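Asks: Residue numbers (my numbering): -10 to 396.
Where a beta carbon is used, it is the ideal one built from N, C-alpha and C, also for glycine.
Quick caveat: nothing in here was measured; it's all calculated off a predicted structure.
This structure is in structure tokens; I'll ask about it shortly.
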Amino acid sequence: MRMRAVGANLALLCAAACKETPASEDAAVATTRIEHVEQALARIVATCAEARGTVETRRKGQPQWDPAKVGATFRERDWVRTGPGGFARIRFSGGGFLELREGTTILVDTALSIESGSLVAITEPGANPIVVRSKDGSEARIVAAAGDAGAHLRLTASGPGLEIAVTKGSVNVVTGDGEQSIAAGEARDLAGRKISAPIKLIGFPRSLAPGVDARFLFAVDLKVAIAWKAVPQAARYRVQVSRDTQFESLVLDADAATTGVAFAPDAIGVYAWRVAAIDGSGRLGEFGFARRIYLEEEEPRDLLVSPPHGIKFGFAEKYPRIGFSWQSAGNTKNYKLVIRDGETTVATLATTNQRIEVSTLREGTYEWGVYAVRDNREVPIFLSPRMLTIRKQRVKAHTEKLWDDRR
-10 MRMRAVGANL ALLCAAACKE TPASEDAAVA TTRIEHVEQA LARIVATCAE ARGTVETRRK
50 GQPQWDPAKV GATFRERDWV RTGPGGFARI RFSGGGFLEL REGTTILVDT ALSIESGSLV
110 AITEPGANPI VVRSKDGSEA RIVAAAGDAG AHLRLTASGP GLEIAVTKGS VNVVTGDGEQ
170 SIAAGEARDL AGRKISAPIK LIGFPRSLAP GVDARFLFAV DLKVAIAWKA VPQAARYRVQ
230 VSRDTQFESL VLDADAATTG VAFAPDAIGV YAWRVAAIDG SGRLGEFGFA RRIYLEEEEP
290 RDLLVSPPHG IKFGFAEKYP RIGFSWQSAG NTKNYKLVIR DGETTVATLA TTNQRIEVST
350 LREGTYEWGV YAVRDNREVP IFLSPRMLTI RKQRVKAHTE KLWDDRR
């Protein structure tokens, strides 16, 4: 329907432009032009939905690389690459996305070929399959699994083959050998005209420092120490720091042999960092949860009042009612209290006051912090999250020991 509507509009334009020609010639010219436009539209494989930094394309049969901007169209045998600071999001005509980060080169064709680097592919329910081709010519069709709302894949050139890793959802991969599934946290290698057995991705490291939404006074020579917990069987780690939480504008993308690196920010602003483990075979695992770092122009102040860091709340029958309070952050009128259990947020409470009580926390250890909400932005008013622990007291009376012996 859409193509016929386009054709009808073009026919009217052609008729208006060619009204001095005989009617039969006018109709023939209009028809020819419509056919040419429809053929050109049909050859469009994908469109550039987002482009930042250095993003270039090399058209089929052309030697030079030209800048690719939002709205650019790609046809079969067109090349696309990202350079320094580059990021591109490409949408397929039949549905689905590709996200190209810095240092990636692909060939857009009936089958997608990755010459170098790694990209993220996103499947959509009901969309056409994403067809991929490894360097040795092996091909596979990738579709979201039945009932899946969409999956996130990491496609990485690996020698003559292609690694297909799933980080969210699940997919089915169809080759000449049949159909195989890949679940989240798994990978398969496409090579030799077949797909390998599933490989479990190595687990991600637990972030240690800086804490969640840590704040620092920016200085030209400042170095922020980033640390994480070791992962068994990890040979090394991949560390990324970005100017955004989607990790599209990377300022650091490096491997580390130890469980820590020093990051030197180059400007005031908000950064995000994350870490992934790499196993002994060189296969990258999943990235852990991202944390933000705030680099500020003025010396940051901790405005949290109570409870103090490290406090323990005991209870006998009823869970405790805990009051959280903080100082005023200038002329801020809206605040948000966030309470986490590890990397999981268990409570998010908005208020216009500087105190709020919570009675829904159960046994466990929690971290909490408060954010000033200004112009739809959330700015932390703490230097690092505070910790509190809730445990049930011993049943026996006449004891000074607060905790029971359970672990």
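Quick check on DSSP: helix, strand or coil for I370?
Replies: Three-state DSSP puts I370 in coil, outside helix and strand.
Asks: With respect to the beta strand (DSSP E) encompassing W315, which residues constitute its N-terminal and C-terminal limits?
Replies: Residues 311 to 315.
Asks: Any idea if A318 is buried or exposed, counting beta-carbon neighbours within 10 angstroms, 16 or more meaning buried?
Replies: So A318 ends up on the buried side.
Asks: Take T240 as the anchor and find which of D255, E113, D210, T46 has the nearest alpha-carbon.
Replies: With the sequence shown as reference, residue 240 is identified as Val, and Thr is not the correct amino acid for it. That would be D255, whose Cα lies nearest to the Cα of V240.
Asks: Hey, I95 and V69: beta-carbon distance below 8 Å or not?
Replies: Going by C-beta atoms, I95 is nearer than 8 Å to V69.
Asks: Check whether the Cβ atoms of A154 and V97 lie closer than 8 Å to each other.
Replies: In this structure, V97 does not lie closer than 8 Å to A154 by Cβ.
Asks: G426: which of V121, L338, G60, G136 sits nearest, CA to CA?
Replies: The shown model of the chain, from -10 to 396, leaves out residue 426, and the question about it has no answer.
Asks: Are the beta-carbon atoms of T321 and V327 separated by less than 8 Å?
Replies: Contact: no.
Asks: Considering Cα atoms alone, identify which of Y308, V121, G84 is closest to T112.
Replies: If we check each option's Cα against that of T112, G84 comes out closest.
Asks: Considering only DSSP beta bridges, list what L142 is partnered with.
Replies: The partner list for L142 (beta bridge, DSSP) reads A110, V155.
Asks: With DSSP collapsed to three states, give me the class of R130.
Replies: If DSSP states are grouped into helix, strand and coil, R130 belongs with the strands.
Asks: Please classify A29 as buried or exposed, where buried requires at least 16 neighbouring CB atoms within 10 angstroms.
Replies: At A29, the pLDDT of 44 sits below 50, so the modelled position is not reliable; the number obtained from the coordinates is stated separately. Its Cβ having fewer than 16 others within 10 Å, A29 is exposed.
Asks: Can you tell me whether DSSP reads S270 as helix, strand or coil?
Replies: Coil at S270, not helix or strand.
Asks: Just confirm the distance between the C-beta atoms of A38 and R80, as a whole number of angstroms; I'd bet it's less than 8 Å.
Replies: Right, their Cβ atoms sit about 5 Å apart.
Asks: Let me make sure I understand the geometry here. Which of S196, V362, V220, E332 has the alpha-carbon closest to that of L273?
Replies: For the residues S196, V362, V220, E332, the minimum Cα distance to L273 belongs to V220.
Asks: Out of curiosity, what's the CA-to-CA distance linking F276 and L142?
Replies: Cα to Cα, the separation comes out at about 13 Å.
Asks: Measuring only the C-alpha atoms, how far is A129 from N161?
Replies: C-alpha separation (whole angstroms): 10 Å.
Asks: Count Cβ pairs between the region 187 to 205 and the region 257 to 274 that sit closer than 8 Å; are there 3 or more?
Replies: Yes: at least three Cβ pairs fall under 8 Å.
Asks: Which one of S82, G60, S373, L293 has the shortest CA to CA distance from I455?
Replies: Coverage of the chain is limited to positions -10 through 396, which leaves residue 455 absent and any answer about it impossible.
Asks: Give the DSSP-derived three-state secondary structure of E352 in the structure shown.
Replies: Reduced to three states, the DSSP call for E352 is coil.
Asks: Count the other CB atoms, across all protein chains shown, that sit within 10 Å of the CB of G150; report buried if there are 16 or more and exposed otherwise.
Replies: With 16 or more Cβ atoms within 10 Å of its Cβ, G150 is classed as buried.
Asks: For S231 and R281, I'd like the C-alpha separation in whole angstroms.
Replies: Distance between the alpha carbons of S231 and R281 is about 9 Å.
Asks: Per DSSP, what kind of secondary structure is T62 in: helix, strand or coil?
Replies: In the structure shown, T62 sits in a strand (DSSP, three-state: E or B).
Asks: On the CB-based measure, 16 or more other CB atoms within 10 Å of its CB, does G353 come out buried or exposed?
Replies: By the 10 Å Cβ count, G353 comes out exposed.
Asks: Counting along the chain, where does the beta strand (DSSP E) carrying V401 start and finish?
Replies: Any question about residue 401 goes unanswered here, given that the chain covers just -10 to 396.
Asks: Under 8 Å between the Cβ atoms of S170 and A134?
Replies: Contact flag set, yes.
Asks: In this structure, does DSSP put A305 in helix, strand or coil?
Replies: Of the three classes helix, strand and coil, the one that applies to A305 here is coil, per DSSP.
Asks: Along the beta strand (DSSP E) that carries W68, what are the first and last residues, could you check?
Replies: That run of the beta strand (DSSP E) goes 67 to 71.
Asks: Closer than 8 Å is the cut-off here; do at least three beta carbon pairs connect the region 235 to 252 with the region 261 to 268?
Replies: With a cut-off of 8 Å, the region 261 to 268 and the region 235 to 252 count as touching, because enough Cβ pairs lie within range.
Asks: Helix or strand or just coil, what does DSSP make of K381?
Replies: Strand.
Asks: L101 and R122 - do their beta-carbons sit closer together than 8 Å?
Replies: Yes. Within cutoff.
Asks: Taking DSSP as the reference, what is the three-state secondary structure of A336?
Replies: If DSSP states are grouped into helix, strand and coil, A336 belongs with the strands.
Asks: For the beta strand (DSSP E) holding D166, just list the boundary residues, first then last.
Replies: Counting along the chain, D166 falls outside any beta strand (DSSP E), and DSSP gives it neither H nor E.
Asks: What three-state label does DSSP hand E27 in the structure shown?
Replies: Reliability of the predicted coordinates at E27 is poor, the pLDDT of 42 falling under 50, and no value is obtained from them.
Asks: In the DSSP assignment, the beta strand (DSSP E) including V228 goes from what residue to what residue?
Replies: 223 to 231 is the extent of the beta strand (DSSP E) around V228.
Asks: Comparing alpha-carbon positions, which option in V109, I103, T71, E104 lies nearest E91?
Replies: Ranking V109, I103, T71, E104 by Cα distance to E91 puts T71 first.
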